[in-house]
Amino acid sequence: MTTFLQTLVSTLSIGSLYALIALGYTLVYGVLRFINFAHSDVVTLGTWITVSLAGAFGWAASGSPAFALPVILILTMAICAAVGITLEFLAYRPLRRAPRLNVLITAIGVSLFLQNFGQLKWVFGPRYAGSPALLEDRTLVTVFGVGIQLVDVVILLLAVGLVFALEMLVFRTRLGRGMRAVSFDERIASLMGVNVNRVITLTFGIGSALAAAGGLIFTLKYSKIGQTADQTWVLLGLKAFVAAVVGGIGNVRGAAAGALLIAGVEQFGAAYLSPKLQDVYVFLILIAVLLLKPSGLLGKAVTEKV
Amino acid sequence: MNLRGWNRHWTAATLALVMVVGAVAGCDNLGGKKKEEAGSGSGATQPPATGPIKIGHYASLTGNEATFGNSTDQGIKLAVEERNAAGGIKGRKIELITLDTASKASEGGTVVTRLITQDKVVALLGEVASSITLAGGDVAQKLGVPNITPSSTNVHVTELGDMVSRVCFTDDFQAWVIAKFLYDNQKITKVAVLYDEAQAYSKGLVEYFTAAYKKLGGTIVTEQAYTGGNPDASAQLQTIKGSGAEALFLPGYYGDAGNFMKQAKQKGLTIPFIGTDGWDSPDLLKIAGDAANGHYFSTHYSPQEPRPEVQAFVKAFKAKFGVEPDSLSAMGYDAARVLFDAMDRASSFDGKTLAAAINATKDFKGVTGSISIDANRNAQKKAVILQVVGTEYKLVSDIWPEGMGPPTTKPMDDGGAGSGSAAAGSAASTGPIPAEGAKANAATPATGAAATKIEAAVRGDVDLKGTKAPPKAMKPDDDKSDPEDGSE
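Keeping their order, the protein sequence lines are chains A and B. The first sequence: position 224 = 224 (this note's numbering), numbered continuously. Each number in this note's numbering corresponds to the 1-based position in the second sequence with 1000 added.
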């Protein structure tokens, strides 16, 4: 029981992390039909901006004020959104009419640039950072011998809140309607008076802001912040991408569901089978989904695509 | 007509392509030939006999283990500076060329090739990470330039050949030290193990540790693994928590160790962790924060040792760099000085002659202890156990190889004649130091008495299996099941 509960708690908090990153992949795919390989690097950027801001404000050591977390969250999301929008403008917009392969290769180039630029001595530097103590290590309640940590609760609330906000945005606002329209047919959407460029720009901004929130969650949960070209980020990005594909890429709810599924498979597999194959389970699920239901779990069930 | 034009165009293009390919292939041949020449004799790499003596250092100045390379380089720089101030070697100044391997094994060979063929260094120092030394040392061996590694502890490193030697202990010894410390000193009989599946260093240590600890009578209650790229070990730590282990052996590098300490604290896993020299970095505390408190690791030296060599080094190092030297700095310093000592004795700086001089090092008084290079080009030395107390690494105990150690010593019967005086050299200074004031975990009564007991045990009165000692003198258990094959 203890193991089960503990694993469930891990699943929820890791699933939240994957979900926030997967949403970025799925949003961009929804409107532009291409995989933004630089997305995981925006997550990395989010972690490093969190670390840098906390350092700059003097909140790195434990005992930072309660408003530290929301302030840093908003700033990090804003900065990353700006970066995402800039990247779209500089790297992807000129290729809007180019074959999809060109855009894909450009995305890989952008990813490599971000990884190596971040390693420069005067940017983030070529070594690990420790994460700031924005939240204290506190056990809220103990259920069946499992301590529910403040960190896990905050992560879950943050992710649920953001996913809900995104859901509202996509299905209840003018911009959201525009996004859905562009995802159906860019040409016709523009004929109907949707400002396609503006929609795409904002989509990149929103996706990057969510990635930044994911980055911040990473610093809450883990304390080893690898340099920007560290393999940790590639693996994290890959898993979130798998989550997006498993859930049905282009589908917002699917990305969140896929993220929880991936995290569950990973954590329960590690707890009950063997942690050595933790990453294998994830990719096995990907293969199974691609073979049995290539459109993803929710790919058909929900007709609205973002 | 049009078609003909196209054809002509294509013919020209194809011709051009062929020529370019040919030219590239030609260059390649040339490169290959050059390398061969360099390998076949010392002719191509013959360094100039006048001017500064060039020494190469390949190190992880950036990347995952960046503090290793930087610390080592600082130690070497200090040694070079001191030696140059004292007039250099045979009247010539020493010039140090340091190149970055970016913590990547694939860079090791490239960087070493460049140091030898372009910079024409007479000798090499480096790396810290064993996987990189295995790549770099292989090139050094082929090109016939001596390579001393300051702190690569994987057993296979010096098996590369006569050009590669080390001034540190090996992992089989280190694992045995930890087994001994846990079982004899801390009275811990149930240990969990968590290791990095992708690191030769980590895997090798686990195999040696398991063999040594079982032999002492301890039980490994659970063996868990992780891969370096995965930041999450909640499942593993959860299993360890439920396994009834009294301590966790976590051989890996400081980044992962620090990360897992924090996760363990969140999970309420309070048993002490014990690590290896891969933890020895100031960044461990930066990553783990106060979660590191109370944990132990084995390493090469402690700046708290009262020996005069240590204190002089710590003072000079602090004056130059403003920080306390960690083990990697001390090992770099010692490696450089062992090299200078060999250069003093060598008749020429030709690769073979110099390597022979290095391999003949006996009783060199280093900061990290007395260094004698044995027949397998390894050094016979003690290890120290440090405990993290607050923001400090506190010296808890030091452990010698079997048959060696202060104050009474038995020379090893495999010709390790140096060991007697080696131990005597450090005898006066380093007794076991109880970790008083340590906020140790409940399971770790680090008392002076316990520490003394292990000293007696190690000194050779009790467990003298080391007397029918293996040719690899350092190997504490020669009859254990062959762990070598798995450590790659």
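Where is the CB? At the ideal position from N, CA and C, for every residue including glycine. Quick caveat, the model's predicted, so the values are computed rather than measured.
Alpha-carbon spacing of residue i relative to residue j, whole angstroms
{"i": "Phe1068/B", "j": "Thr1101/B", "result": "11 Å"}
{"i": "Ala1360/B", "j": "Ser1370/B", "result": "14 Å"}
{"i": "Ser40/A", "j": "Val110/A", "result": "11 Å"}
{"i": "Leu1078/B", "j": "Gly55/A", "result": "32 Å"}
{"i": "Val143/A", "j": "Leu150/A", "result": "14 Å"}
{"i": "Ser1131/B", "j": "Glu1223/B", "result": "23 Å"}
{"i": "Pro1052/B", "j": "Tyr1254/B", "result": "37 Å"}
{"i": "Thr228/A", "j": "Thr173/A", "result": "35 Å"}
{"i": "Leu286/A", "j": "Leu238/A", "result": "11 Å"}
{"i": "Phe37/A", "j": "Ala107/A", "result": "5 Å"}
{"i": "Gly1218/B", "j": "Ala1200/B", "result": "24 Å"}
{"i": "Glu167/A", "j": "Val252/A", "result": "7 Å"}
{"i": "Leu220/A", "j": "Val160/A", "result": "16 Å"}
{"i": "Leu1182/B", "j": "Gln1387/B", "result": "13 Å"}
{"i": "Gly1420/B", "j": "Gln1238/B", "result": "Its pLDDT being 36, under 50, Gly1420/B is placed unreliably by the model, and nothing is read from it."}
{"i": "Lys1265/B", "j": "Ala1291/B", "result": "6 Å"}
{"i": "Lys1214/B", "j": "Pro294/A", "result": "50 Å"}
{"i": "Gly1275/B", "j": "Phe1297/B", "result": "4 Å"}
{"i": "Gly1307/B", "j": "Val1367/B", "result": "It should be noted that the sequence gives Arg, not Gly, for residue 1307/B. Spanning the two alpha carbons is a distance of roughly 8 Å."}
{"i": "Leu53/A", "j": "Tyr92/A", "result": "29 Å"}
Interface flag, residue i vs chain B, CB-CB below 8 Å
{"i": "Leu235/A", "result": "yes"}
{"i": "Gly147/A", "result": "yes"}
{"i": "Thr232/A", "result": "yes"}
{"i": "Val302/A", "result": "Confidence at Val302/A is low in this model, with a pLDDT of 44, below 50, so its placement is unreliable and the value that follows should be read with caution. False, the Cβ-Cβ gap to chain B never drops below 8 Å."}
{"i": "Ser52/A", "result": "no"}
{"i": "Asp355/A", "result": "As shown, chain A starts at 1 and ends at 306. That puts residue 355/A outside it, with no answer to give."}
Where the beta strand (DSSP E) containing residue i begins and where it ends
{"i": "Gln1387/B", "result": "Ala1383 to Val1389"}
{"i": "Asn1147/B", "result": "Asn1147 to Thr1149"}
{"i": "Gln1224/B", "result": "Thr1219 to Tyr1226"}
{"i": "Gln278/A", "result": "First-last for Gln278/A: Gln278 to Leu292, but that is the alpha helix (DSSP H), not the beta strand (DSSP E)."}
{"i": "Phe218/A", "result": "Premise fails: Phe218/A lies in the alpha helix (DSSP H), Val196 to Lys221, not in any beta strand (DSSP E)."}
{"i": "Val146/A", "result": "Val146 to Gln149"}
{"i": "Tyr1296/B", "result": "Tyr1296 to Thr1299"}
{"i": "Ile1274/B", "result": "Phe1273 to Gly1275"}
{"i": "Gly1369/B", "result": "Gly1369 to Ile1371"}
For residue i, the three-state DSSP class (helix, strand or coil)
{"i": "Asp309/A", "result": "The first residue shown for chain A is 1 and the last is 306, placing residue 309/A beyond what the model contains."}
{"i": "Asn1376/B", "result": "coil"}
{"i": "Asp230/A", "result": "coil"}
{"i": "Ala1023/B", "result": "Confidence at Ala1023/B is low in this model, with a pLDDT of 42, below 50, so the placement of that residue should be treated as unreliable; the coordinate-derived value is given next. In this structure, Ala1023/B counts as helix in the three-state DSSP scheme."}
{"i": "Arg97/A", "result": "coil"}
{"i": "Tyr1058/B", "result": "strand"}
{"i": "Glu1392/B", "result": "strand"}
{"i": "Asp1350/B", "result": "coil"}
{"i": "Phe1364/B", "result": "strand"}
{"i": "Glu1127/B", "result": "coil"}
{"i": "Lys1104/B", "result": "coil"}
First and last residue of the uninterrupted alpha helix (DSSP H) at residue i
{"i": "Lys1315/B", "result": "Pro1308 to Phe1321"}
{"i": "Ala78/A", "result": "Ala68 to Leu87"}
{"i": "Lys1286/B", "result": "Asp1283 to Ala1288"}
{"i": "Thr1067/B", "result": "Ala1066 to Ala1085"}
{"i": "Leu261/A", "result": "Val252 to Tyr272"}
{"i": "Val28/A", "result": "Thr2 to Leu32"}
{"i": "Leu1134/B", "result": "Ser1130 to Leu1143"}
{"i": "Val182/A", "result": "Arg174 to Phe184"}
Residue-level contact to chain A via CB, residue i, 8 Å cutoff
{"i": "Ser1071/B", "result": "no"}
{"i": "Gly1108/B", "result": "no"}
{"i": "Asp990/B", "result": "Nothing in the structure corresponds to residue 990/B, since chain B is present only between 1001 and 1488."}
{"i": "Ile1271/B", "result": "no"}
{"i": "Asp1093/B", "result": "Checking the sequence shown, residue 1093/B turns out to be Lys, not Asp. No, its Cβ sits nowhere closer than 8 Å to a Cβ of chain A."}
{"i": "Asn1230/B", "result": "yes"}
{"i": "Tyr1226/B", "result": "yes"}
{"i": "Glu1197/B", "result": "yes"}
{"i": "Asp999/B", "result": "Outside the displayed span of chain B (1001 to 1488) sits residue 999/B, for which this structure offers no information."}
{"i": "Thr1062/B", "result": "yes"}
{"i": "Lys1203/B", "result": "no"}
{"i": "Asn1259/B", "result": "yes"}
{"i": "Gly1268/B", "result": "yes"}
{"i": "Ile1287/B", "result": "yes"}
field: In chain order, each alpha helix (DSSP H) run of at least 4 residues that lies wholly inside the segment 1163-1240 of chain B
entry: 1171-1180 and 1200-1216
query: For the segment 3-34 of chain A, which residues have a CB atom closer than 8 Å to at least one CB atom of chain D, in sequence order?
result: The structure shown contains no chain D; its protein chains are A and B.
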